[in-house]
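Below is one structure; the comments refer to it alone.
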Amino acid sequence: MTEIPRFDLDRRTLLCGAALTSGAALLGGSLGASPVSAATEPGTETGVQAAPQLYWRGAWNARPPSGAIQVLPHAPSYIIVHHTATANSTDYTLDHALNLSKSIQNHHMDSNGWIDTGQQLTISRGGYLMEGRDHTPESIAAGRHVVGAHVANNNSTCIGIENEGTYMTQGPPQALTDSLVGTLAWLCGAYGLNPSAVLGHRDFNATACPGDVLYAMLPELRNRVAQTMLAHDIPIAEAVAHGEDGPTYPPVPDDEPEREFHHGPARGPDDISR
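Here it is in structure tokens:
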């Protein structure tokens, strides 16, 4: 059986590519065919052990972006929890997860007209974590932010995680929830964020996303994230009061595609990428 390439974040961190320079960087193309090697010195990998395995774009045969990917030279302020607003599949296999990422990219590029997948990360109902928008893992490792298209008018300050399924009346499977907690702990550690920075799509836009049930779970998830960070000796930053980069509830742009299941707006007129 051919081994599917992935970033194994339990054992190593990612090397920031030379293309990431000071200031906002514009990156084209996809990552290479092999995982990026370790970038930290021995004893400096605090928090890496808490991160789940990440299946990179090569694993799901991603198309190259149709335009340059924008990377900002600073961390995002918020981590946004979404649901994909798709069926609650009972196929929890890796093959299903990889096909999900491929179908999301096709929809975002072909139907929405975006340059790539809108969100930075995706978690399947089987708990598999996958890279979404190109250049996300190495940017996280460098403390930088890949600009996506998932929360209108706030894409420059928010990194997004799409969780497979629709969670208006039922909750996600345990495998997804556990993977989400590990992913959030990893991101909070990498970006120096307090778990209070974990918010739902509806905190920023007029939308039902990430579903009533998953949204109601956010306080519990934040507590679990904090416990996970403490268990892995990941420093927990103090909560920060946000001002101008906080929720804006922008109107849905005129050209925003209509979305089933109230998934909400993903881009606004103030966004700098698509």
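Numbered according to mature numbering (1 follows the signal peptide of the UniProt record, and there is no 0), the sequence shown spans residues -38 to -1, 1 to 236. For each residue, glycine too, the CB sits at the ideal point set by N, CA and C.
To the nearest angstrom, how far is the alpha carbon of T119 from that of T52? 34 Å
Would you check if the region 68 to 83 and the region 152 to 164 touch, i.e. whether three or more CB-CB distances between them fall below 8 Å? no
Reference A49, options P38, L62, Y40, closest by Cα: L62
Taking the beta carbon of L155 as the centre, do at least 16 other beta carbons fall within 10 Å, making it buried, or is it exposed? With 16 or more other Cβ atoms within 10 Å, it is buried.
The alpha helix (DSSP H) spanning T55 covers which residue range? T55 -> no alpha helix (DSSP H), and no H or E assigned at all.
Between the C-alpha atoms of I196 and G105, what's the straight-line distance to the nearest angstrom? 15 Å
Tell me, please, which residues DSSP counts as bridged to I121. I41
Taking H69 and P172 to be in contact with their CB atoms under 8 Å, please state how far apart those CB atoms are, rounded to whole angstroms. 18 Å between Cβ atoms; not a contact.
In whole angstroms, what is the alpha-carbon distance linking T55 and A137? In a straight line, the C-alpha of T55 is about 11 Å away from that of A137.
Answer with buried or exposed for S28, where buried requires no fewer than 16 other C-beta atoms within 10 angstroms of its C-beta. exposed
Enclosing alpha helix (DSSP H) for T98 [first to last residue]: 98 to 103
Which of the three DSSP states is assigned to H107 in this structure? strand
Beta carbon of A24 nearer than 9 Å to that of H225: Remark: C-beta atoms of A24 and H225 do not approach each other more closely than 9 Å.
In whole angstroms, what is the alpha-carbon distance linking D174 and L180? 10 Å
Is it buried or exposed for I234, if we count other Cβ within 10 angstroms and need 16 for buried? Burial call: exposed.
Output the boundary residues of the beta strand (DSSP E) element that contains M92. 91 to 93
Buried or exposed, going by whether 16 or more other CB atoms sit within 10 Å of the CB of S141? buried
Buried versus exposed call for P4 [16 or more other C-beta atoms within 10 Å across all chains shown]: Its pLDDT being 29, under 50, P4 is placed unreliably in this model, and the value from its coordinates should be taken loosely. Under this definition P4 is an exposed residue.
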